[in-house]
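Numbering (my numbering), first residue to last: 8 to 244. Cβ coordinates follow ideal geometry from the N, Cα and C atoms, glycine included. In this text, all values refer to a predicted model and were calculated from it rather than measured experimentally. Data first, discussion second: the structure below is written as structure tokens.
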Amino acid sequence: MLLKVENLSVSYGRIPALTGLDFHIDEGEIVSIIGANGAGKSTTLRAISRMVKVEPGSKMTFMDKDLLKYPPDKVVSQLGITHVPEGRGIFGNLTVKENLHLSAFARKDTAEIKKDISRVFDIFPRLKERYTQKSGTLSGGEQQMLAIGRAFISGRKIMLLDEPSMGLAPLLMQNVFKALKEINKEGAAILLVEQNARLALQFASRAYVLETGSLVMEGDSKKLLEDPEVKKAYLGG
């Protein structure tokens with residue numbers, strides 16, 4: 008088991024955002040979390056990447072290591088957990104080149120970094136064309152490619168992806184998810200949070216359904232696609 012989460016609870020002040028979540032991800036797996044706005048999907052990813060404080064009693068282990076003992080920067084550099092947040096989080100005043108090289112700040116293996124950057128260009132050839140361009144001038148799809156490329160370089164035992172389809176035209180969205188499949192085939196597990204429930208369930212092998220901070224359903228994605236309750240709540244019938 009790659010990632011195991013037990014009794015995960017998070018509050019913002021006195022308002023509970025997550026209550027007693029239990030879930031897991033195996034090596035090389037693609038798992039999605041679906042749910043309505045405000046269900047706690049993004050908070051779940053932020054808890055894993057140690058960006059928000061968890062409540063006492065919460066447990067998270069990654070490759071049998073206590074995740075709660077690691078600060079956010081070490082989650083990336085020592086554990087290989089990368090987080091592509093909603094809104095992408097790229098440095099718009101820096102070029103594509105500078106963004107990619109900055110993502111390797113904690114790495115010392117110069118030759119391997121070059122190989123990984125080259126691989127990013129294989130997966131996203133458009134980024135190679137924009138190599139010296141300021142990232143803030145890229146299209147939304149190109150910025151998403153760059154955000155994923157940075158995650159690929161910084162450490163990719165598991166990628167946490169928050170709404171990667173947001174704002175993308177259908178063709179670009181297909182290209183991004185095709186690229187994510189390639190990255191997954193190279194060994195990276197993926198935990199996907201996605202408002203587009205149908206897309207998420209088609210992309211992942213397993214899924215969890217989150218409602219108002221609690222997990223209410225889980226299972227094989229194909230079965231969830233056919234579940235009447237899931238259809239009614241998230242798939243438009």
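MET166 has THR89, ILE197 as its beta-bridge partners, per DSSP. Taken through DSSP and simplified to helix, strand or coil, GLY243 comes out as coil. Segment contact: the stretch 147-159 against the stretch 183-200, three or more CB-CB distances shorter than 8 Å; contact assigned.
Short of 6 Å from the beta carbon of ARG114, and not among the five residues preceding or following it, lie these beta carbons of its own chain, in chain order: ILE120.
With contacts defined as CB atoms closer than 8 Å, ILE88 and ILE37 fail to qualify as a contacting pair. Ranked by Cα distance from PHE98, the options LYS141, ARG53, GLY220, GLN85 are led by LYS141. In this chain, the alpha helix (DSSP H) harbouring GLU119 covers 117-130. Between LEU242 and ALA211, the beta carbon gap of about 14 Å keeps them out of contact (Cβ cut-off 8 Å).
Selection TYR215, PHE30, VAL17, LYS104 evaluated against LEU145 yields LYS104 as nearest (Cα-Cα). For ILE40, the uninterrupted beta strand (DSSP E) run begins and ends at 37-41, by DSSP. Across the set ASN14, LYS81, SER84, the C-alpha of ASN14 shows the shortest separation from the C-alpha of GLY64. If you compare the alpha carbons of VAL59, ASP71, ARG95 with that of PRO78, the shortest gap goes to VAL59. By the criterion of a C-beta distance shorter than 7 Å, GLU93 is surrounded in its chain by SER49, ASP169, GLU170, MET173, once the five residues flanking it on both sides are discounted.
In the DSSP assignment, ARG213 is bridged to VAL38, ASP227.
Taking C-beta atoms as the reference points, LYS135 and PHE128 count as a pair closer than 8 Å. Taking the Cα of GLU233 as reference, the smallest distance to any Cα among GLU189, SER110, GLN209, ASN44 is reached at GLN209. When DSSP states are grouped into helix, strand and coil, ASP80 belongs to the helix group. For TYR19, DSSP records a beta bridge to ILE22. Around the beta-carbon of SER161, 16 or more other beta-carbon atoms lie within 10 Å, marking it buried. When rounded, the separation of the alpha-carbon atoms in SER16 and LEU178 is 37 Å. Note that the C-beta distance between ALA195 and ARG157 is not below 8 Å. By the neighbour-count definition (other C-beta atoms within 10 Å, threshold 16), SER125 is an exposed residue.
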